[in-house]
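Below: one structure, written as structure tokens.
Number of protein chains: 2
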Amino acid sequence: MILLSAVEENYLKYIFQLSEISDRGIVKTNDLAYKLEHSAASVTDMLKKLSDKKLVAYKKYYGVSLTKTGLQIAVQVLRKHRLWETFLVKNLKFTWDQVHAIAEQLEHIQSDELIDRMDEYLGHPKFDPHGDPIPDKQGVFSSANVICLADAKLKKQYLLANVNDESSAFLKYLNKIQLKLNDKIKILDKEEFDETIQIMINEKKQMTISKDAAQNMFVKVV
Amino acid sequence: MILLSAVEENYLKYIFQLSEISDRGIVKTNDLAYKLEHSAASVTDMLKKLSDKKLVAYKKYYGVSLTKTGLQIAVQVLRKHRLWETFLVKNLKFTWDQVHAIAEQLEHIQSDELIDRMDEYLGHPKFDPHGDPIPDKQGVFSSANVICLADAKLKKQYLLANVNDESSAFLKYLNKIQLKLNDKIKILDKEEFDETIQIMINEKKQMTISKDAAQNMFVKVV
DNA sequence: TATTATTTTTAGATTAGCCTAAATTTTAAA
DNA sequence: TTTAAAATTTAGGCTAATCTAAAAATAATA
């Protein structure tokens with residue numbers, strides 16, 4: 208078990224996250240640079256280093272993907288992040304918009320024993336407070352079969368299953384409009400021009416949701 | 208509130224701990240180097256840096272002490288360390304010999320809100336699992352009035368109040384001989400030659416304790 | 001008190017992780 | 001298909017935090 212720096216772990220985590228929404232799992236240097244808020248040059252440097260350590264498969268000017276080892280580590284970092292978020296919300300009564308930044312620190316604490324005990328303490332949760340799946344010790348995610356609200360069908364009943372945890376402002380907005388996980392959502396109408404949608408929440412409250420907000424929300428069929 | 212690196216925080220923490228057992232609170236470069244397991248040259252470099260930041264008062268060839276600001280930060284790091292140790296033992300059921308290394312990482316997580324909520328969650332504990340006092344948010348320690356077992360009087364009834372948390376091996380030894388905090392201890396005899404002591408534990412079990420072990424144990428009068 | 005030993009600092013290097021500016025490669029557009 | 005634009009890499013530099021070896025200051029000893 209090679210110990211990685213917090214920086215290296217972050218690279219693997221973000222490569223994993225970006226690879227999930229890219230074609231053939233290939234992540235571009237610039238996309239990583241944008242996520243990490245680093246220069247592209249810095250990213251290139253680190254990709255070479257991670258490649259030397261056999262954690263990523265990197266091809267110059269083409270892109271990067273995780274090796275088997277790199278994937279395993281990325282998933283364990285994600286596991287730690289989500290377990291910590293769960294602890295912060297469930298036990299320490301943080302709100303869901305407060306926990307991401309703290310979990311970004313806690314996810315790099317190096318102790319398998321700690322995370323095993325935390326998992327046990329929390330009762331082996333399958334999803335974190337934002338609805339993100341928590342991989343188990345073996346790295347297996349329970350799948351939730353969600354679709355983005357921006358791509359969901361009209362007039363169909365859904366449940367809010369997952370929201371983007373990275374933007375505190377977005378989560379605060381959800382607080383303000385009192386939208387929580389597992390609320391019922393039905394799209395009543397969609398404006399062609401700006402893709403704003405009209406939704407019905409819990410069959411009683413009607414709202415207008417911007418395209419931007421809808422892209423950060425994920426629903427599943429009832 | 209200036210954010211310090213984990214390394215800087217560690218320096219302040221160790222300067223604080225060493226100053227408590229030094230004359231007039233002056234800490235020597237070599238003592239710090241030994242504690243930190245760094246070269247003396249590295250320590251000198253860092254002391255200059257901390258001095259520039261007004262966190263320590265450093266005089267070349269003489270020694271270093273904490274400024275008011277440096278002291279405040281050191282105490283808060285200690286507070287975090289001890290609250291985390293308490294959480295690890297009380298809630299996650301770690302044994303007291305397992306928690307120091309993990310707490311050394313956790314103590315550098317930057318979030319006042321986190322530590323306030325953790326303190327609340329744990330019920331504002333005054334002492335950690337090793338009997339070390341946990342300073343409150345204002346940095347005030349509750350004093351325990353302990354003396355080192357190596358300096359304790361013969362034939363007097365004491366309670367084990369505090370043990371050195373830094374050596375996992377020592378704590379494992381205490382586990383083996385089933386000695387816990389608040390156990391009654393009476394020194395029956397002290398060998399002049401090697402300062403080995405004979406103790407009676409809880410008025411029923413007699414044991415021989417080395418000088419080395421006794422120096423890591425602290426007792427208070429019943 | 002002179003000399004030696006110890007402690008501490010200085011000088012100079014190294015590595016990780018970042019940067020900007022310039023060069024190169026790839027992609028898109030005319 | 002040539003050329004312009006965008007993406008990416010290379011080159012060279014910087015800071016934090018470490019090191020070793022040599023120099024300097026202080027403390028201990030003869």
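Protein chains in written order, with this note's numbering: chain A, 208 to 429; chain B, 208 to 429. Glycine included, each C-beta is placed from N, C-alpha and C at the ideal position.
Which residues in chain A have a C-beta closer than 7 Å to the C-beta of Leu321(B)? List them in chain order. Indexing the second sequence from 1 puts residue 321(B) at position 114. What Leu321(B) touches in chain A: Ile309.
Neighbour flag for Met414(B) against chain A, beta carbons, 8 Å: Start at 1 with the first residue of the second sequence, and residue 414(B) comes out as number 207. No, no contact with chain A.
Along the region 286 to 318 of chain B, where does the CB come closer than 9 Å to a CB of chain A? Name the residues. Residues Leu295, Asn298, Leu299, Lys300, Phe301, Gln305, Ala308, Ile309, Gln312, Leu313, His315, Ile316, Gln317, Ser318.
Evaluate contact between the region 274 to 288 of chain A and the region 219 to 227 of chain A, counting only Cβ atoms and requiring at least three cross-stretch pairs below 8 Å. Yes, they touch.
Pair within 8 Å by beta-carbon distance, Ile386(A) and Leu361(A): Here the question's residue 386(A) lines up with position 179 in the first sequence. Here the question's residue 361(A) lines up with position 154 in the first sequence. Note on identity: in this sequence residue 386(A) is Leu, with Ile being the wrong assignment. Leu386(A) is not a Cβ neighbour of Leu361(A), given a cutoff of 8 Å.
Quick check for students: name the residue ranges of the beta strand (DSSP E) that lie wholly in the region 230 to 260 of chain A, counting only runs of 3 or more. Those beta strand (DSSP E) runs which fall completely within the region 230 to 260 of chain A and span 3+ residues do not exist here.
With distances taken between CB atoms, is the gap from Leu321(B) to Ile309(A) smaller than 8 Å? Start at 1 with the first residue of the second sequence, and residue 321(B) comes out as number 114. Start at 1 with the first residue of the first sequence, and residue 309(A) comes out as number 102. Yes, these two residues count as a Cβ contact at 8 Å.
Please classify Gln364(A): is it buried, with 16 or more other beta-carbons within 10 angstroms of its beta-carbon, or exposed? Residue 364(A) sits at position 157 when you count from the first residue of the first sequence. Under this definition Gln364(A) is an exposed residue.
Using a cut-off of 7 Å between C-beta atoms, extract the partners of Met325(A) located in chain B. Here residue 325(A) refers to the residue found at position 118 when the first sequence is read from its first residue. Within chain B, Leu299 have C-beta atoms less than 7 Å from the C-beta of Met325(A), given in sequence order.
Mind checking which residues open and close the alpha helix (DSSP H) that includes Val282(B)? Residue numbering aside, residue 282(B) sits at position 75 when the second sequence is read from its first letter. Here the alpha helix (DSSP H) through Val282(B) covers 275 to 297.
Quick one: what does DSSP say Tyr380(A) is sitting in, helix, strand or coil? Mapped onto the first sequence, residue 380(A) falls at position 173. In the displayed model, Tyr380(A) falls within a helix according to three-state DSSP.
Neighbour-count burial assignment, Phe425(A), 16 or more Cβ in a 10 Å radius: Residue 425(A) sits at position 218 when you count from the first residue of the first sequence. By the neighbour-count criterion, in which 16 or more other beta carbons inside 10 Å mark a residue as buried, Phe425(A) falls on the buried side.
Decide if the region 366 to 381 of chain B is in contact with the region 300 to 309 of chain B; the criterion is three or more beta carbon pairs, one per stretch, under 8 Å apart. Contact between the region 366 to 381 of chain B and the region 300 to 309 of chain B is present, with at least three C-beta pairs closer than 8 Å.
Considering only the beta carbon of each residue, do Phe334(A) and Leu285(A) sit closer than 8 Å? Here residue 334(A) is taken as the residue at index 127 of the first sequence, counted from 1. Here residue 285(A) is taken as the residue at index 78 of the first sequence, counted from 1. It is not a contact, given that the beta carbons lie outside the stated cut-off.
Check the Cβ-Cβ distances between Tyr328(A) and every residue of chain B, and say whether any is below 8 Å. By 1-based counting over the first sequence, the position of residue 328(A) is 121. Yes - at least one Cβ of chain B is within 8 Å of the one on Tyr328(A).
May I ask you to report which of helix, strand or coil DSSP gives Phe334(A)? One-based indexing of the first sequence puts residue 334(A) at position 127. Reduced to three states, the DSSP call for Phe334(A) is strand.
For Lys344(B), name the three-state secondary structure that DSSP assigns. Taking the second sequence and counting its residues from 1, the one referred to as residue 344(B) is at position 137. Here DSSP, grouped into helix, strand and coil, assigns Lys344(B) to coil.
C-beta contact flag for Ala420(B) and Ile394(B) at 8 Å: Residue 420(B) sits at position 213 when you count from the first residue of the second sequence. Residue 394(B) sits at position 187 when you count from the first residue of the second sequence. Not a contact, by the Cβ cut-off of 8 Å.
Those residues which DSSP pairs with Val428(A) across a bridge: Counting from 1 along the first sequence, the entry for residue 428(A) is found at position 221. Under DSSP, the beta-bridge partners assigned to Val428(A) are Tyr365(A).
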